[in-house]
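These protein sequence lines map, in sequence, to chains E and R.
Quick note: the first sequence, position 337, residue 339 per the working numbering, numbers continuous.
Quick note: the second sequence, position 276, residue 287 per the working numbering, numbers continuous.
For reference, the structure discussed in these notes is given below.
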Amino acid sequence: MSELWELPAAELGTKIARKETSARDVVDAHLSRIEALDESVNAFLTLTPELARATADDVDRNVSAGEKLGPLAGVPLALKDILCIDGVRTTAGSKILENYKPPYDATVVQKLFAAGVPIIGKANMDEFAMGSSTENSAYGPSRNPWDLARVPGGSSGGSSAAVSAGFAPLGIGTDTGGSIRQPASLCGVVGVKPTYGLVSRYGVLAFASSLDQVGPFARTVEDAALLLEVIAGYDRMDATSIRQPVPQYRAALDAGVKGLRIGVVSDWIEGEGVQPGVTQSIRAAIDALSGLGAEIGEISLPSFRYALSAYYLIAPAECSSNLARYDGVRWGLRASDAKDVVEMNVRSRTAGFGDEVKRRIMLGTYALSAGYYDAYYGKAQQVRTLVIRDFEKAYERFDVLLGPTSPTTAFKIGEKADDPLAMYLNDVFTIPSNLAGAAAISVPSGLADDGLPVGLQLLGPPMSEELLFKVAYAYEQARGPIATPPLWVNA
Amino acid sequence: MTDYEAVIGLEVHVELSTRSKMFCGCPTTFGGEPNTHTCPVCLGQPGSLPVPNKRAIEYLMLIGLALDCRVAPYSLFHRKNYFYPDMPKNYQISQYDLPLCIDGHLEVDVDETKTRVGITRAHMEEDTGKSLHVGATGRIAGAKYSLIDYNRAGIPLVEVVSEPDIRSPLEAQRYLTELRSILSTLGVSDVRMEEGSMRCDANISLRAHGAAAFGTKVEVKNLNSIRSVSRALTYEIDRQQKALDAGDKVVQETRHFDENTGQTHTLRSKEEAFDYRYFPEPDLVPIEPPEGWIDEVRAQMPELPRARRARIAAEHELTPEQAAFVASSPSSVEYFDALLAEGTPARDAAVWMAGELARALNTAGETIEQARVSAGDLARLLDAIKEGRVTLNSAKKAFQDAYTAGKTPLDIVEEKGLQQVSDDSAITAVVDEVLATNQAEVERFRAGEEKVFKFLVGQVMKATKGQASPQVVDRVLRERLSAS
Chain E
3 MSELWELPAA
13 ELGTKIARKE
23 TSARDVVDAH
33 LSRIEALDES
43 VNAFLTLTPE
53 LARATADDVD
63 RNVSAGEKLG
73 PLAGVPLALK
83 DILCIDGVRT
93 TAGSKILENY
103 KPPYDATVVQ
113 KLFAAGVPII
123 GKANMDEFAM
133 GSSTENSAYG
143 PSRNPWDLAR
153 VPGGSSGGSS
163 AAVSAGFAPL
173 GIGTDTGGSI
183 RQPASLCGVV
193 GVKPTYGLVS
203 RYGVLAFASS
213 LDQVGPFART
223 VEDAALLLEV
233 IAGYDRMDAT
243 SIRQPVPQYR
253 AALDAGVKGL
263 RIGVVSDWIE
273 GEGVQPGVTQ
283 SIRAAIDALS
293 GLGAEIGEIS
303 LPSFRYALSA
313 YYLIAPAECS
323 SNLARYDGVR
333 WGLRASDAKD
343 VVEMNVRSRT
353 AGFGDEVKRR
363 IMLGTYALSA
373 GYYDAYYGKA
383 QQVRTLVIRD
393 FEKAYERFDV
403 LLGPTSPTTA
413 FKIGEKADDP
423 LAMYLNDVFT
433 IPSNLAGAAA
443 ISVPSGLADD
453 GLPVGLQLLG
463 PPMSEELLFK
473 VAYAYEQARG
483 PIATPPLWVN
493 A
Chain R
12 MTDYEAVIGL
22 EVHVELSTRS
32 KMFCGCPTTF
42 GGEPNTHTCP
52 VCLGQPGSLP
62 VPNKRAIEYL
72 MLIGLALDCR
82 VAPYSLFHRK
92 NYFYPDMPKN
102 YQISQYDLPL
112 CIDGHLEVDV
122 DETKTRVGIT
132 RAHMEEDTGK
142 SLHVGATGRI
152 AGAKYSLIDY
162 NRAGIPLVEV
172 VSEPDIRSPL
182 EAQRYLTELR
192 SILSTLGVSD
202 VRMEEGSMRC
212 DANISLRAHG
222 AAAFGTKVEV
232 KNLNSIRSVS
242 RALTYEIDRQ
252 QKALDAGDKV
262 VQETRHFDEN
272 TGQTHTLRSK
282 EEAFDYRYFP
292 EPDLVPIEPP
302 EGWIDEVRAQ
312 MPELPRARRA
322 RIAAEHELTP
332 EQAAFVASSP
342 SSVEYFDALL
352 AEGTPARDAA
362 VWMAGELARA
372 LNTAGETIEQ
382 ARVSAGDLAR
392 LLDAIKEGRV
402 TLNSAKKAFQ
412 DAYTAGKTPL
422 DIVEEKGLQQ
432 VSDDSAITAV
442 VDEVLATNQA
452 EVERFRAGEE
462 KVFKFLVGQV
472 MKATKGQASP
482 QVVDRVLRER
492 LSAS
């Protein structure tokens with residue numbers, strides 16, 4: 003008999019609805035596991051047991067009253083600490099917001115409450131979502147449940163580590179250049195980067211507004227599909243929100259991949275810096291999909307070589323503006339004893355922001371400066387157009403594209419911390435989807451020869467989530483169960 | 012000495028009178044308790060997002076169409092980045108190189124000449140909050156601390172930028188008056204410069220008459236009334252002319268106008284100008300108004316002041332000046348119509364509105380919507396004049412006093428005993444008294460010195476505080492003088 007914390011979300015939801023267990027017991031089981039193990043993982047920055055128990059108790063009352071609830075009612079979730087909950091500390095992993103309590107709920111949070119999903123805590127992350135390892139968190143890195151000496155990936159590493167560690171079967175992250183998919187890959191869980199505009203950004207602290215997108219973490223494709231159904235949908239509070247009904251992703255899961263055209267991005271399979279163990283794992287996944295009847299072809303996408311450079315102009319440019327509001331005037335850290343407002347601004351920001359955030363603010367400020375705009379920001383936007391065009395051409399030939407999520411498995415804490423460029427390369431396969439505003443999913447493809455998880459990335463055009471879930475689910479079923487992290491055994 | 016020509020362009024900011032702010036649902040009402048008209052969006056709380064106010068964009072379109080602008084098929088919001096505590100996000104959402112309304116013009120009358128002032132653009136942006144510096148001077152230098160009120164933050168602003176087609180302070184004044192009249196007619200703004208709902212920055216340079224190239228321009232800020240604009244421009248023309256005559260160069264800079272001294276002072280030089288790092292606002296999508304929407308807005312266009320002036324002048328045979336005042340705003344026309352409905356002849360109505368009413372409004376710094384003497388009460392005062400119950404001078408005095416006191420003019424007439432005295436016995440008593448105390452003058456009159464009569468009339472009027480009917484005084488005085 004499995005422990006409650008081992009079960010996938012869909013199964014827990016069913017058990018709660020059938021009164022085989024209570025939402026309260028499910029929440030408590032996860033809370034005790036967090037209490038026992040999070041000291042070594044550091045997945046959470048703030049725990050919200052009272053909030054989670056209150057939601058769970060509501061769910062239990064409603065179940066007793068015979069109400070029909072959603073499939074995730076009572077299933078706990080780890081929320082990246084970049085989404086606002088009214089009155090709950092929200093730091094974005096930054097010292098500058100150490101004591102910031104927002105006065106409102108993010109739209110995603112409202113939707114989670116409405117679906118009866120207990121939010122169990124605010125998950126660790128790289129400061130303002132800038133990073134690929136959580137080492138840029140002002141509150142110390144999270145650790146990978148597969149090897150506590152290694153990073154869980156980032157920036158949503160706290161959420162992926164929590165889901166991987168069995169602290170919660172569901173997690174929410176944000177993905178600006180790969181911040182959901184890469185940590186999902188490194189932690190051996192499923193992570194979805196939805197189409198830009200599918201999930202509301204209202205109440206999500208902005209990093210790069212034209213790229214940021216909220217998405218789910220789960221241990222199974224089905225759970226991820228269920229969670230996306232809950233959080234997706236038009237929001238009048240977000241002008242970039244897409245006005246379309248949300249499909250029933252779960253209902254379409256088992257349609258199979260027979261005859262589906264899958265394009266393998268050739269430059270990514272054996273490209274420079276791709277770990278051989280990753281290549282091996284992806285090749286095995288391709289064989290599995292081929293065995294299911296998918297038609298496999300190869301494609302080269304030349305503009306993607308410039309995607310990383312374009313991203314590191316666009317994202318910093320937007321962040322330099324988005325982070326201007328952290329100035330010590332209204333909230334967050336304020337330097338004392340400054341002689342005037344300018345000195346107060348400068349000293350608050352100097353003390354409150356970490357190195358990577360400062361680096362990107364400077365990069366972005368420079369890229370937008372008079373006389374440089376055309377050469378940098380303008381040029382980067384042109385590359386963005388080329389990437390979109392290359393994707394469009396590729397989707398004339400293929401239904402979905404395929405490649406690894408990350409060039410490597412989880413690296414050691416500290417290994418790349420002093421080399422920003424090496425760190426940026428983690429996102430080389432994930433960035434194009436953000437630039438194109440398109441959908442992508444990372445699903446575990448087993449372990450590499452180093453014993454660490456590898457993520458298979460499936461990419462589709464905007465609004466192709468249904469299709470991507472279908473392929474991911476077919477592959478997941480063919481792959482069969484994968485090993486569990488050592489943290490599950492050593493508990 | 013060279014003969015110079017002033018080249019002036021004006022940038023006018025207008026707060027729109029939409030019910031809610033530009034990017035959130037907070038009210039736009041003026042003067043609430045500090046920071047009560049705020050929400051996460053207009054406070055720039057982390058994670059909040061702007062959603063554009065459709066009505067505000069329609070107001071902008073209406074303004075653009077009234078100024079004969081083209082409505083651009085594709086228009087963008089940009090972010091204008093600079094740090095200032097009263098700006099919650101430390102960037103202002105504004106329009107930059109793709110404004111919604113472009114290439115319009117406005118015709119301005121100065122005496123008999125009509126000048127066509129080009130409108131470069133009219134675009135949408137959001138207002139900032141207000142800082143309050145607490146300390147001895149109320150200015151930021153030396154303040155003990157500063158407070159910020161964000162009630163104004165996020166109120167929709169339209170900026171109307173003119174071409175450098177204005178040539179004199181008077182023309183600038185007429186341009187602003189006409190623009191204000193149009194905005195008021197459209198009903199899109201309170202256009203109160205004292206409350207800051209209409210603000211103006213002026214760009215001015217000089218060049219030799221006939222020269223094609225522009226001189227170096229100076230931007231003047233802090234112009235809080237149409238009169239200030241005119242004063243500041245007059246001062247600048249003089250300052251720049253003296254500099255050029257002395258062989259100095261005019262420095263490109265931003266200058267601040269001081270209401271008290273009537274002078275301008277350097278605020279910041281070109282080198283200190285901000286680099287605003289404009290880039291397209293990623294939280295918003297482009298405005299691409301479909302033709303149908305523009306037509307819908309165009310259909311809401313009311314009769315504009317120029318047409319209204321012409322119509323009213325023709326209908327009621329008014330002078331251009333009278334028609335200009337009567338037609339300056341819908342409320343003003345309403346007031347005029349109300350007077351006519353009370354039976355006041357159009358000429359009298361126009362004369363009183365352009366005269367006494369305008370004076371009272373000016374003194375109080377109010378607009379006609381706020382007029383404290385109603386058209387009905389004014390009409391009754393005019394009736395009293397016609398019926399000989401009050402003299403014209405007393406009526407004017409009663410009107411001004413009534414305005415200040417917030418009473419009706421006839422109440423004041425009553426209270427202060429300003430009724431015209433036409434009663435023979437009352438006037439005869441005063442005449443007798445005057446004749447008794449001015450024996451010498453009476454003798455001179457009787458000796459044939461006719462002009463003394465006027466003096467005696469004056470004495471009677473003085474003794475009756477101007478309320479005696481001049482006709483009655485004349486008759487009684489002559490009777491008594493010839494009697495004995």
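By construction, the Cβ of each residue, glycine as well, lies at the ideal position given by its N, Cα and C atoms.
- L158(R) is bridged by DSSP to L143(R).
- Neighbours of V206(E) in chain R, taken as residues at a C-beta separation under 8 Å, are given in chain order as G58.
- Taking 3 residues as the shortest admissible run, the stretch 137 to 208 of chain E contains the following complete beta strand (DSSP E) segments, listed from N- to C-terminal end: 172 to 176, 192 to 195.
- Short of 8 Å from the beta carbon of F336(R), and not among the five residues preceding or following it, lie these beta carbons of its own chain, in chain order: S343, A361, M364, A365, A369.
- The beta carbon of G354(E) is closer than 7 Å to those of S96, K97, I98, Y328, G334, L335 in its chain, skipping five residues each way along the sequence.
- Restricted to the stretch 429 to 466 of chain E, the beta strand (DSSP E) segments that are unbroken, complete and at least 3 residues in length are 441 to 449, 455 to 462, listed in chain order.
- The alpha carbon of E136(R) has as its nearest neighbour, out of D114(R), L492(R), V169(R), R489(R), the alpha carbon of V169(R).
- Contacts between D294(R) and chain E, judged by CB atoms closer than 7 Å, involve S211, A241, T242 in chain order.
- Distances from the CA of I74(R) to each of P84(R), D120(R), L143(R), C112(R) were compared; the closest alpha carbon is that of C112(R).
- Annotation for V385(E): Y308, A312 place their beta carbon closer than 6 Å to its own, counting only its chain and skipping 5 residues before and after.
- The Cβ atoms of P10(E) and L33(E) do not sit closer than 8 Å to each other.
- When the beta-carbon positions are compared, V384(R) and F347(R) stay at least 8 Å from each other.
- The Cβ atoms of I36(E) and L81(E) lie no closer than 8 Å to each other.
- Under the DSSP assignment, V401(R) falls outside any beta strand (DSSP E); it carries neither an H nor an E label.
- Excluding its 5 nearest sequence neighbours in each direction, V65(E) has C-beta neighbours in its own chain below 7 Å: I18, A19, K21, L71, listed in chain order.
- Interface annotation, K100(R): in contact with chain E, CB-CB separation under 8 Å.
- Around Y106(E), the beta-carbon contacts reaching into chain R at under 9 Å are C50, P51, Q56, G58, S59.
- Neighbours of P96(R) across chain E, judged by C-beta separation under 8 Å: D329, V331, V343.
- By the criterion of a C-beta distance shorter than 7 Å, S139(E) is surrounded in its chain by G95, N126, M127, D128, E129, once the five residues flanking it on both sides are discounted.
- Straight across, the Cα-Cα distance linking E367(R) with L389(R) is about 10 Å.
- For the stretch 298 to 326 of chain E, the set of positions with a beta-carbon nearer than 7 Å to some beta-carbon of chain R reads A319, E320, S323, A326 in chain order.
- For D286(R), the chain E residues whose Cβ falls inside 7 Å of its Cβ are S371, A372, in order along the chain.
- Taking C-alpha positions only, N324(E) is separated from D294(R) by approximately 10 Å.
- Among the residues of chain E, those whose CB is under 9 Å from the CB of P63(R) are A241, following chain order.
- Taking the Cα positions, L114(E) is about 19 Å away from T222(E).
- With respect to the C-alpha of A474(R), the residue from I438(R), A494(R), A213(R), A224(R) having the closest C-alpha is I438(R).
- Under the Cβ criterion of 8 Å, N138(E) is not counted among the residues facing chain R.
- By DSSP's assignment, P406(E) forms a beta bridge with L458(E).
- Per the DSSP secondary-structure output, C80(R) pairs with nothing in a beta bridge.
- Secondary structure at V262(R): coil, using DSSP grouped into helix, strand and coil.
- Under the three-pair Cβ rule at 8 Å, the stretch 59 to 72 of chain R does not count as touching the stretch 226 to 238 of chain R.
- In this structure, the CA atom of P313(R) is about 40 Å from the CA atom of S202(E).
- A133(R): member of the beta strand (DSSP E) spanning 124 to 137, first to last residue.
- In the structure shown, the three-state DSSP call for E314(R) is coil.
- Among the residues of chain R, those whose CB is under 8 Å from the CB of N347(E) are F94, following chain order.
- Looking at the DSSP output, R210(R) sits in a beta bridge with H24(R).
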